[in-house]
Amino acid sequence: MRGQRRLDVAPVFFYLQKLRAFAGPRLYASLAGTIAVSLLEGVGIFLLAPMLGLIGLMDASSGSIPLLSAAAKPLQHLSPEMRLPAVLAVFLILLLGQGLLQRLLANLSARLEQGFIRHLRLELYQGLIRSHWAFFLKRRRSDFIHHATIELPRVSFGVFMCLRLATTLLFTLIQIGFALWLSAPLTLAVLACGLALAAYSRSQLRKSRAIGQETTELMQRYVGGMTDHFNGIKDIKGNRMERQHISWFRALCDRLESNLVQFTRLQSASQFHYKAAASVLIAGFVYFAFAVLHVQAETLVLIVLVFSRLWPKFASLQSNLEQIGQTVPAFRHLRELQQAALAAQEAGLGAAGLGGGDAVRVAQGFELRDVYYRYDREQETYALQAVNLRIPSHRMTAVVGRSGAGKSTLIDVLIGLVQPERGQVLVDGKPLGAGEACELRRSVSYVSQDPFLFHESVRDNLAIAAPDASEAQMWEALRFAAADAFVKRLPEGLDTVLGDRGIRLSGGERQRIVLARAILRDPSVLVLDEATSALDGEREAGIQEALERLRGRMTLIVIAHRLSTIRGADQIIVLDNGAVVQQGGYAQLSEERGGLFGKLLSYQARASG
Ligand SMILES: Nc1ncnc2c1ncn2[C@@H]1O[C@H](COP(=O)(O)OP(=O)(O)OP(=O)(O)O)[C@@H](O)[C@H]1O
Numbered sequence: 001m002r003g004q005r006r007l008d009v010a011p012v013f014f015y016l017q018k019l020r021a022f023a024g025p026r027l028y029a030s031l032a033g034t035i036a037v038s039l040l041e042g043v044g045i046f047l048l049a050p051m052l053g054l055i056g057l058m059d060a061s062s063g064s065i066p067l068l069s070a071a072a073k074p075l076q077h078l079s080p081e082m083r084l085p086a087v088l089a090v091f092l093i094l095l096l097g098q099g100l101l102q103r104l105l106a107n108l109s110a111r112l113e114q115g116f117i118r119h120l121r122l123e124l125y126q127g128l129i130r131s132h133w134a135f136f137l138k139r140r141r142s143d144f145i146h147h148a149t150i151e152l153p154r155v156s157f158g159v160f161m162c163l164r165l166a167t168t169l170l171f172t173l174i175q176i177g178f179a180l181w182l183s184a185p186l187t188l189a190v191l192a193c194g195l196a197l198a199a200y201s202r203s204q205l206r207k208s209r210a211i212g213q214e215t216t217e218l219m220q221r222y223v224g225g226m227t228d229h230f231n232g233i234k235d236i237k238g239n240r241m242e243r244q245h246i247s248w249f250r251a252l253c254d255r256l257e258s259n260l261v262q263f264t265r266l267q268s269a270s271q272f273h274y275k276a277a278a279s280v281l282i283a284g285f286v287y288f289a290f291a292v293l294h295v296q297a298e299t300l301v302l303i304v305l306v307f308s309r310l311w312p313k314f315a316s317l318q319s320n321l322e323q324i325g326q327t328v329p330a331f332r333h334l335r336e337l338q339q340a341a342l343a344a345q346e347a348g349l350g351a352a353g354l355g356g357g358d359a360v361r362v363a364q365g366f367e368l369r370d371v372y373y374r375y376d377r378e379q380e381t382y383a384l385q386a387v388n389l390r391i392p393s394h395r396m397t398a399v400v401g402r403s404g405a406g407k408s409t410l411i412d413v414l415i416g417l418v419q420p421e422r423g424q425v426l427v428d429g430k431p432l433g434a435g436e437a438c439e440l441r442r443s444v445s446y447v448s449q450d451p452f453l454f455h456e457s458v459r460d461n462l463a464i465a466a467p468d469a470s471e472a473q474m475w476e477a478l479r480f481a482a483a484d485a486f487v488k489r490l491p492e493g494l495d496t497v498l499g500d501r502g503i504r505l506s507g508g509e510r511q512r513i514v515l516a517r518a519i520l521r522d523p524s525v526l527v528l529d530e531a532t533s534a535l536d537g538e539r540e541a542g543i544q545e546a547l548e549r550l551r552g553r554m555t556l557i558v559i560a561h562r563l564s565t566i567r568g569a570d571q572i573i574v575l576d577n578g579a580v581v582q583q584g585g586y587a588q589l590s591e592e593r594g595g596l597f598g599k600l601l602s603y604q605a606r607a608s609g
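Residue numbers for the sequence shown follow full-length UniProt numbering, so the first one is 1 and each next one is one higher.
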């Protein structure tokens, strides 16, 4: 519990170092520029004193204010009527210089900030996309969106807030030095008051961090909920569940509102306390300096001037610290995700592995030797157990079994998406390690149960698999997948945009385009996981015939529930509870007495009869 209450600043330093590595000398230029602007502002203020002297408000030559008489000396060489314009001209040059520098700095900071966000985005995206499949199995997809869209900008904001804190701190120190020079006892008194507020500041910081943690959790729920609800909008509408969802959403929005208001209240309370303390202090100091210490009026003016600038720095330090405190949880969450992704990088998918290269052709086939796999090592149940099988190349192998038998898991192990817990996968007699799996998948086309199309044109959706494919090759692939006729009928043919704002396709149409995309890659291994389940009998038969023609060219692995579609398979593997229970040709398996395949066949015959 104590550990949780401490402010963990390691993740903050982690991202500060990232900024330093990213920005290099530009970072120091920006910091130096900020300090220069503050100093120019300070000098400008300091020049007010001779100005006040010139218009007779104070005696600049009295020597009671350090530096003031030195600053006033050059003015002695000018005629009295030229002195005020000269001081004003210097004042103007200083302010204009400061303005110009500020403009340059604003541009530099924007470039740095946006560049850093771009750098972080790219790093996060690449880290995630290069992680192995098991990494994604354990996490909610919406969490990635949440980190990329909400936590990442918070982190970037926090990093730049740290820089602002550093420059404010530096300038505060300069001001403290200056104030000490003017009047050590009064400055020490102000510092003592400032330190007394430090305890208060700590408790405010802890509160900021707690609010920030709640913001992260609420936003995570918000993004997760929105993603789920709009993915499942048809179920919501079809089952009249709008009311429940609206009340869920309303409750969450209420909590978000109060969380954000709470932070503003915390900040405004601190600022008010600093202001109140400032008023009391200034009044007290003026009285003490004037009535007790009997300091001169001009010293008093400068003290008020300096303190009225110094104290707001304490207040803004406090505000910066609270804002950083509020973003600390985002730093922690983003770093944890990035580190987890880094630890889950898929071997062979480094920057070099993402490039082209010759795809491996599977010449002899796959072999699984005593393979075990389970999704959760703390659970006893295995998704695959003691699996021994061979899948010859250039043949069609079908995998069947009840729902949940382990068919999709078997494919994942075969193409190296996950590594078996025990046992071995061999491709052409060689063990399939994580590195080889990446190579292998260059030559695998995998069509999943839930085919996915990007929100792009048909052409782009095909080209993503085979960027060099010609238009003629695209049409050939579409013809193969019995998709050519409907694509021709689309308003802009190959260039029609698919998806939400474009044309919505039926489940079967989507499957056919994804199948065309899979074929266009000219893979060595084509895996179809229930890839034709949404097609009508006639179209499915057409695709079966086309697959027959592919048989000599590539290795076909097909998962099918409709057993009639795998009549032509060279080999059928029957899985039950993660184990292979039967293996052989269609005719052989259908005749095996008491076998699961025979049972599945008779269930289907009854269902369709
Ligand atoms: N991501 C996952 N996390 C935990 N368990 C999982 C996960 N995916 C699958 N399982 C479990 O592993 C077992 C095998 O699942 P798998 O998806 O391989 O079956 P399947 O035969 O392909 O089923 P279906 O025909 O319904 O698609 C099931 O018990 C399932 O609940």
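Using N, Cα and C, we set each Cβ at its ideal position, and we do this for glycine too.
Residue from the options with nearest C-alpha to residue i
i	options	result
Q385	S393, H394, V413 and Q364	V413
W311	F331, A541, A192 and A21	A192
Y200	F272, L563, A148 and A283	F272
I464	A516, T149 and E436	A516
F597	F285, D576 and T168	D576
A148	D228, K430 and L337	L337
R395	T565, V12, E380 and R553	R553
F290	G212, S247 and L186	L186
Y28	L96, L108, E41 and V87	L108
Check whether residue i and residue j have beta carbons under 8 Å apart
i	j	result
Q424	R369	yes
F307	I282	yes
residue 610	L410	An answer regarding residue 610 cannot be provided, because it is not within the stretch 1 to 609 covered by the chain.
G325	S203	no
I557	T397	yes
A36	L100	no
P420	V487	no
V190	Y15	no
V31	L195	Checking the sequence shown, residue 31 turns out to be Leu, not Val. Cβ atoms of L31 and L195: not closer than 8 Å.
A546	F480	yes
F116	V159	yes
H119	M219	no
Cα-Cα separation, residue i to residue j
i	j	result
L440	A251	49 Å
L122	A21	15 Å
residue 634	V304	Residue numbering for the chain in the displayed model covers 1 to 609; residue 634 lies beyond these limits and cannot be assessed.
M1	A210	Note that M1 scores 38 on pLDDT, short of 50, meaning its location in the model is unreliable; the coordinates nonetheless yield the value given after this. Those two C-alpha atoms are separated by around 13 Å.
V458	L128	27 Å
L600	V427	30 Å
A472	A466	13 Å
A297	L165	34 Å
L94	H132	58 Å
A106	Y125	28 Å
S233	P451	The residue you asked about is not Ser; residue 233 is Ile in the sequence shown. Near 19 Å, if we compare the C-alpha coordinates of P451 and I233.
G24	R551	57 Å
S408	P153	38 Å
L260	G238	35 Å
E113	L19	9 Å
L300	A110	41 Å
S38	F171	7 Å
L520	S393	19 Å
S183	M226	60 Å
L266	S279	20 Å
L589	Y382	25 Å
E509	T565	18 Å
R606	L535	21 Å
A277	G284	10 Å
I391	G542	25 Å
Distance cut-off 7 Å: residue i Cβ against heavy atoms of ligand 1
i	result
K407	yes
Y375	yes
G568	no
Q385	no
L137	yes
S403	yes
Q419	no
Q449	yes
Whole-angstrom C-beta distance between residue j and residue i, which should lie under 8 Å
i	j	result
V580	I572	Between I572 and V580 the Cβ distance is about 11 Å, and since that is not below 8 Å, they are no contact.
L478	D484	4 Å
Residue-level contact to chain D via CB, residue i, 8 Å cutoff
i	result
A86	Absent from the structure is chain D; it holds one protein chain and no more.
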